[in-house]
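Note sheet for the following structure.
In our numbering, the protein residues as written are 997 to 1729.
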């Protein structure tokens, strides 16, 4: 199949409609709304210009698509109440924009993360104007696509399948739609060459309809923090760029179709969270941490985006140091750059020179990114303040200032989200509520197209083999296509690869034309296949899961070797010999957060996992170690003398603990399985001293009324001291 790619003028495959707000910062990805006639005053107390409210709140921005409002948030169940915490989960909600009627809701578990309840629902949802589908990136690493009515179309488990690292602060990047791609970013350690530290912030571009991985691209250097800087797409210097703040303290641009790096500009000693904006060839971004070259905290930076490579020393247009602006996205309109500082002040700068024009106080903490519409700025402050301002180059006039108190209890409501605007309606999300105001008749100006990229040159410069990565079960196959791009990332053609070559590690691979298949008896294996066109090459990853049962006894393992398809195991588990035996020892960094290793596809269910575990004493401390099945952990907590079943560590939503003494340097056999009975998960664990007869009764049992139906088998450690694992079994018992 050939596909010549000509000039590109639109925002994406599906035209970005001016009356939709499908991305958290609007159709132009920068907080600009082109509607006119919006309300400039409202009151919740007397319902002035209030269309509807909901008692559902959150911290993510809402999105609006085709007359529907979508929000990712946590449920309202109190994690501090023993009776209700079992129901505390994450959810996606859809309302009718005009009436506030709830149209559908999907509630799902939070699991295997150290992120606490107040941070659940961090990333905003993203909508696709072409298909009407919406996407969510949950704090548990679930990356999902829904149709407009809430039917789940596809899902990836980024923790289990890709080794995503989340930390415990909650920072999660919002997906972005561009043409046929939905792109998400995080850093992690997974399998093969992707398992080797340090991790790197990576963009993953999926086919927005099928969920197939099209490409992955690392950006920048060693990550310094988890971040939530959300990218934008722009055409600059003839290239379609994906531009973002980086986990390594830099601002980076990659080609939006291929992931190839274009330029990097280093700024901070910590990761960047603010989202960039552009004006022509200039990119504007800020941070609130240490600068790499001064002792001042914070910076506002204008970058010439026409360079390549490391442009730190060559492409700075202007900078303002000493302004801590690390939380919010910037806003640029009519030559004025608006910056909400961490301290709650709104600063205005001349975008060409960096000269400060004025400062306006919003409150004490600035986190919600501002939106410009109808000559006004809609901007929030954390402590319950929502402002509607009329700015100019000379100053700023307050049109409306609403203070929101907590819906339950004392004090002020809290606001972290940016508003969404569509069809004359403005939707605010606070911690305690969702508010829709407006409803006026409005007019809408068209969205200016992106600059033309020009037609593709028939000079191949880059190959892309897709799918870029797959996880297969034995007996399955995958078909590949080869995308051929010029040096600006413009598609020349899509063809079936004529020659595919599989690595030796894929011993069971059978290559026929553009298809790679594996027999029904294929062993666990992973590796890469390669395609060539002239002097150019492209590769794609394959992991193959054998039929159960699996056994891992580590005999013959040396150095840093880990079994194939294992995720997040490299250097976490080191083969270690003792007389007559080889086992793996946890060598992870001491203390929190816990380390999770997975060794099977995330869609597995109905299995039993078993392993021998030995706790080591170090400085009078014992570690915690255990097993994972279907997103539940069975943990021997050596330091406190307990045995536990849990799924979400910060709140122990469905957890159960019993007293259990595990002695140091003694091997214990552990077993875990999950059964779904009457709509509940019955999680059963068993522990006994190795070499002794297995007890008939389960040692511990927990019930989850909201069952995890699938999940990878794995190992868990909390490394107060070393722990050892051996003789791991996964069976269909």
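C-beta atoms are modelled at their ideal positions from N, C-alpha and C, and glycine is treated no differently.
A quick note: this is a predicted structure, and the numbers were derived from the prediction, not measured.
About 10 Å separates the Cβ atoms of residue 1120 and residue 1018, ruling out a contact at the 8 Å cut-off. Ranked by Cα distance from residue 1523, the first of 1552, 1559, 1078, 1554 is 1559. The stretch 1258–1331 is shown to contain whole beta strand (DSSP E) runs of 3 or more residues at 1273–1275, 1278–1286, 1293–1300, 1312–1317, 1327–1329, in chain order. In the three-state DSSP reduction, residue 1019 falls in the coil class, being neither helix nor strand.
For residue 1250, the CB contacts under 8 Å within the same chain, skipping 5 residues up- and downstream, are 1199, 1213, 1215, 1237, 1238, 1256, 1257, 1258 in chain order. A distance below 8 Å between beta-carbons, with the five flanking residues on each side excluded, links residue 1265 to the following residues of its chain, in chain order: 1220, 1245, 1285, 1286, 1287, 1288.
As far as DSSP is concerned, residue 1207 takes part in no beta bridge. Counting the other CB atoms within 10 Å of its CB gives residue 1070 a total of 16 or more, which places it among the buried residues. A straight-line Cα-Cα distance of about 8 Å links residue 1123 and residue 1060. Under DSSP, residue 1397 takes part in a beta bridge, and its partners are 1383. For residue 1206, the closest alpha carbon among the candidates 1110, 1473, 1082, 1140 is that of 1140. Distances from the alpha-carbon of residue 1684 to those of 1671, 1657, 1234, 1097 put 1657 closest. In the assembly as shown, residue 1391 is an exposed residue. Its beta-carbon has fewer than 16 other beta-carbons within 10 Å. The C-beta of residue 1597 has 16 or more other C-beta atoms within 10 Å across all chains shown, which makes the residue buried. A check of alpha carbon separations from residue 1575 across 1633, 1148, 1551, 1463 identifies 1551 as the nearest.
Counting C-beta atoms within 10 angstroms of its own C-beta, residue 1309 has fewer than 16 neighbours from the protein chains shown and is therefore classed as exposed. By the Cβ criterion, the stretch 1694–1701 is in contact with the stretch 1640–1654, since at least three pairs of Cβ atoms, one from each stretch, lie closer than 8 Å. In the structure shown, residue 1083 falls within a helical segment according to DSSP collapsed to helix, strand and coil. Contact between residue 1726 and residue 1463 does not hold, since their C-beta atoms are separated by about 26 Å, which reaches or exceeds 8 Å. Between the C-alpha atoms of residue 1063 and residue 1032 there is a straight-line separation of about 18 Å. Contact between residue 1710 and residue 1581 does not hold, since the beta-carbon distance rounds to 16 Å and is not under 8 Å.
Ranked by Cα distance from residue 1132, the first of 1228, 1168, 1113 is 1168.
Per DSSP, residue 1687 has no beta bridge partner at all. For residue 1673, same chain residues with a beta-carbon under 7 Å away, outside a window of 5 residues either side, do not exist. Here residue 1225 carries a coil assignment [DSSP, helix/strand/coil]. Counting C-beta atoms within 10 angstroms of its own C-beta, residue 1494 has fewer than 16 neighbours from the protein chains shown and is therefore classed as exposed. Counting C-beta pairs with one atom in each stretch, the stretch 1437–1449 and the stretch 1086–1101 have fewer than three that are closer than 8 Å, which means they do not touch. Taking C-beta separations shorter than 6 Å and ignoring five residues to either side along the sequence, the partners of residue 1172 in its chain run 1179, 1227, following chain order. A residue is called buried when at least 16 other Cβ atoms come within 10 angstroms of its Cβ; residue 1143 does not meet this threshold and is exposed. Taking a C-beta distance under 7 Å as the contact criterion, residue 1111 and residue 1166 qualify as a contact pair. Under the three-pair Cβ rule at 8 Å, the stretch 1038–1053 does not count as touching the stretch 1150–1166. Under the Cβ criterion (8 Å, minimum of three pairs), the stretch 1416–1427 does not count as touching the stretch 1072–1080. A straight line joining the alpha-carbon of residue 1425 with that of residue 1411 spans about 7 Å. Along the length of the stretch 1416–1485, whole beta strand (DSSP E) runs at least 3 residues long occupy 1416–1418, 1421–1425, 1430–1434, 1458–1462, 1465–1469, 1473–1475, 1477–1481, reported in chain order. Non-local C-beta neighbours of residue 1622 in its own chain, meaning closer than 6 Å and more than five positions away in sequence, comprise 1629, 1630, 1631, 1632, 1712, ordered along the chain. Residue state for residue 1700 is assigned as strand, using DSSP reduced to three classes.
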